[in-house]
Amino acid sequence: MTLKRVGILTGGGDCSGLNAVIRAVTRAAIIQHGAKVVGIEGGFEGLISGQTQELTTRTTKDILTLGGTILGTTNKGNPFEYRTRTEDGTIQVHDYSDKAVETFHKLKLDCLFVVGGEGTLEIGYEFFKKGIPVIGIPKTIDNDLEKTDYTFGFQTAVQVACDAIDRLQTTGRSHDRVMILEVMGRNAGWIALEAGIAGGAHIILIPEIEYQIENVIRKIALRKKGGSPFSIIMVAEGAKEKGRGTIKAQEAGQRLQGVEKLGGVGFYLARQIEKQIDLEVRTTVLGHIQRGGSPNAFDRVLGTRLGSFAVHSAAQKRFGTMVSLQTPDIVLVDLKDLAGKVRTVSLNSQLIRCAESIGINMGREAM
Ligand code: F6P
């Protein structure tokens, strides 16, 4: 099939590489099919409001290396469950999905490319069930999507976290301090684990393994006794303490929609450590620095491959799917197999075994 008009939106939290995907979709659709490309603005919000922009090779020419998304995004605004708060504080839930379907048809699109993580792709799948020809493109710094080796944005985030750890190594060693780096990862510890290994962390705490503070202290004490009073701890924001669960030290407030705000486990951990050992502890929270900025070469290539293959798959009418990296190829997987699933680090993974085999403490008794 020759594509005449294609639409693309970016949903959920942003990450590096989104613009690389937008550029690749635009260029492949125009160069291969002479198609018009419609950029839907602000995630699914744009499908409700009808706010769009035309994407051309000219408007996308300088965006390969640009962080963020030129289309804008949101991790709120699910059209199937759109929440608003009235003046008296009551929450109202609206279903705007028919309105979104209407906009899609008004725009006369042959297909919709939905670039997002688990939440966005799940909404994409709901629209596919309502008759919209959807193809998903997997993004998230968390790397927690099923059926793909990597999501784009992840490798850049790992590099940012690794650079941060390299800097904490030198200042921590100079002052004989315990340095904690808190990184993102609400359900999955991929960033913490990979960046922790890459940066030579001594302790890595991830949501998949409930940590016990005694084990953390034991490792620090052992290092101190061996003549290295400084230690580097990498902790994922979703880390859980045994018997207490996720540590939410940040003032969260009540959220109308979107993901729950995490952050603050690094400060909690610092207080726990300081109480038990005579060493100074400092915490750095890397936060959204991991999401902003230019994608690294890996994410530029991956984003470009995913975008190009998504256009190719649309021409084959392979809708209800997601383009995915199954090294060395880009393949299609069914969206229905992904809906609502989060890929965490398996406790039997080689990565965890590798970390523990070289003496990294994962907050549990060494296996
Ligand atoms: O899902 C990606 C992610 O970066 C999480 O790791 C993090 O908890 C969340 O987004 C933060 O979202 P927000 O931008 O709403 O603070």
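Residue numbering for the sequence shown follows the working numbering, starting at 822 and increasing by one per position.
Backbone N, C-alpha and C define an ideal beta-carbon position, used for all residues, glycine too.
- Per the coordinates, the alpha-carbon of G1085 lies some 16 Å from the alpha-carbon of E1095.
- In chain order, L1026, A1060, K1061, E1062, K1063, M1183, G1184 and R1185 place their CB closer than 8 Å to the CB of Y1032, counting only its own chain and leaving out the 5 sequence neighbours on each side.
- Check the Cα spacing between R1103 and each of E1003, R1044 and I1179: the tightest is with E1003.
- Counting only runs of 4 or more residues that sit fully inside the segment 1058–1130, the alpha helix (DSSP H) segments are 1086–1097, in chain order.
- Taking K1138 as the centre and dropping the five residues before and after it, the same chain places the C-beta of M822 closer than 7 Å to its C-beta, in chain order.
- Here the distance from the Cβ of D931 to the nearest heavy atom of ligand 1 is not below 7 Å.
- The shortest CA-to-CA distance from E875 to any of K897, T905 and R844 is the one to R844.
- Along the length of the segment 928–975, whole alpha helix (DSSP H) runs at least 4 residues long occupy 939–950, reported in chain order.
- For N896, the three-state secondary structure derived from DSSP is coil.
- Distance from the CA atom of Y1089 to the CA atom of V1056, rounded to whole angstroms, is 11 Å.
- Here the distance from the Cβ of G834 to the nearest heavy atom of ligand 1 is below 7 Å.
- A contact between stretches requires three or more CB pairs, one per stretch, nearer than 8 Å, and the segment 833–847 meets this requirement with the segment 1119–1127.
- Cβ-Cβ separation between R998 and L1100: approximately 7 Å, consistent with a contact (criterion under 8 Å).
- Remark: the C-beta of N899 is outside contact range of ligand 1, defined as less than 7 Å to any heavy atom.
- Within the same chain, E1177 come within 7 Å of A1187 by CB-CB distance, once the 5 residues on both sides are set aside.
- Rounded to the nearest whole angstrom, the C-alpha separation of A1016 and I1054 is 11 Å.
- C-alpha of V1152 to C-alpha of T969: approximately 9 Å in a straight line.
- Only residues of its own chain outside the window of five on either side were considered, and among them K968, M1143 and S1145 have a CB closer than 6 Å to the CB of V1154, listed in chain order.
- The shortest CA-to-CA distance from T847 to any of F1130, K1040, F1140 and S995 is the one to F1130.
- In this structure, T977 sits near S837, with a CB-CB distance shorter than 8 Å.
- Three or more beta-carbon pairs separated by less than 8 Å are not found between the segment 923–934 and the segment 891–902, which leaves the two stretches without contact.
- If you look at T1142, you'll find it isn't in any alpha helix (DSSP H); it sits in the beta strand (DSSP E) that goes T1142 to Q1147.
- No heavy atom of ligand 1 is found nearer than 7 Å to the CB of K1061.
- In this structure, the beta-carbon distance from I1018 to D963 does not fall below 8 Å.
- As the crow flies, the alpha-carbon of K882 is around 12 Å from that of I891.
- The bridge partners DSSP lists for D1150 are Q1147.
- Per the coordinates, the alpha-carbon of I1041 lies some 10 Å from the alpha-carbon of E1035.
- As summarised for the segment 991–1059, the continuous beta strand (DSSP E) elements at least 3 residues long and confined to that stretch are 999–1004, 1024–1026 and 1052–1057, given in chain order.
- A heavy atom of ligand 1 is found nearer than 7 Å to the CB of I962.
- H1023 is classed as buried because its beta carbon has at least 16 other beta carbons within 10 Å across all chains shown.
- Nearest Cα to S870 within the set V914, K825 and P900: P900.
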